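Shown next, in structure tokens, is the structure this report addresses.
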Amino acid sequence: MTEDTTTDTTCHMSISLDGFVAGPDQSLDHPLGVRGGELHTWHMPGVEVGEADRTAASWLMRPRGAYVMGRNMFGPVRGTWDEPWEGWWGPEPPYHAPVFVLTHHEHEPIEMAGGTTFHFVTEGFDTAYARAVETADGRGVDIAGGASTVRQALAADVVDELTLDIAPVLLGSGERLFDGSQSFGFEPVEVLHSPLTTHVRYRRVRG
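Just so we're on the same page, this note's numbering is the position in the sequence shown counted from 1, plus 831.
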């Protein structure tokens, strides 16, 4: 099943069987938390993947007009910006579009190679999302994580398509995706299976 989701707001997250999208103790040495990398084997270099994983990776990497992410997703620096940091992704991040980073501390934009510019937003999720929508100009917005930012997007009811890559892993602790959620207003429209992950693509139920 294929749909034109160019103008939609999307979110694509790998998640454990017990509901965690990152392990505990995120740090420079463990950007996804302890054992968090086990959720992402389906799209890591050097891993033998199948057609289902390649298809899901194409969903993950499809171009978007703008992105929204949390500061924990951007990097391990906490509090004031007292040390230089330009993200986990090297000189050319994979976004190739403006990225609006939620933070409590002001920071000048960081322009990277390949069209990615990180903009730092201190006014909260609603402001960051509004700026992303305006900047995307109909080319779609992606909520890039982490858990807190996705929870805010779900609470604001702005996500049109949610893809979960459900890894056969139990983390036991870390960052849960659905803490505080009381309902799930999505229905599955596509499911792909591999030995590494079950990929479920959901679309928002419209009344």
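Cβ atoms here follow ideal geometry from the backbone N, Cα and C, with glycine treated the same way.
Since we're looking at a predicted model, the values are computed, not measured.
Whose C-beta lies closer than 6 Å to the C-beta of P940 among residues of the same chain, with five residues either side of it excluded?
Closer than 6 Å at the Cβ level, and outside the excluded window around P940, lie T948 and H950.
Checklist line | D1058 versus D991: straight-line alpha-carbon distance, rounded | finding: Coverage of the chain is limited to positions 832 through 1038, which leaves residue 1058 absent and any answer about it impossible.
Discussion item. Threshold first: 3 residues or longer. Then list the beta strand (DSSP E) segments lying entirely within the region 926-987, N to C.
Written reply: Given a length threshold of 3 residues, each whole run of the beta strand (DSSP E) inside the region 926-987 is given here in chain order: 929-933, 948-952 and 972-976.
Roughly how many whole angstroms lie between the Cα atoms of A978 and S845? Near 11 Å, if we compare the C-alpha coordinates of S845 and A978.
Pair within 7 Å by beta-carbon distance, P862 and W919:
The answer is yes: Cβ separation under 7 Å.
Task: Close-in-space but distant-in-sequence residues of the same chain around S1004 (CB under 8 Å, 5 per side omitted) - done: Here S1004 has F851, G854 and P855 as same chain residues with Cβ atoms under 8 Å from its own Cβ, once five neighbours each way along the sequence are excluded.
Under the three-state DSSP convention, the category R1034 falls into:
In this structure, R1034 counts as strand in the three-state DSSP scheme.
- Query: Considering only the beta carbon of each residue, do V972 and A963 sit closer than 7 Å?
  - Reply: Yes, these two residues count as a Cβ contact at 7 Å.
message = Measuring only the C-alpha atoms, how far is T966 from A944?
response = If I take the Cα positions, the gap works out to 18 Å.
Which of the three DSSP states is assigned to M900 in this structure? The answer is strand: DSSP assigns M900 an E or B state.
Kindly indicate which residue of L1002, V932 and E869 has the alpha-carbon position closest to the one of M900.
-> Minimum Cα distance to M900 is reached at V932.
ask   = On the premise that V1000 lies in contact with S847, defined as a C-beta separation below 8 Å, what is that separation, rounded to the nearest angstrom?
value = By a beta-carbon distance limit of 8 Å, S847 contacts V1000. Their separation comes to about 5 Å.
- prompt: What is the rounded straight-line gap between the Cα of E1021 and the Cα of L1027?
  reply: Their Cα atoms are separated by approximately 17 Å.
Bridge partners - F905, DSSP secondary structure assignment: In the DSSP output, where bridge partners are listed per residue, F905 has none listed.
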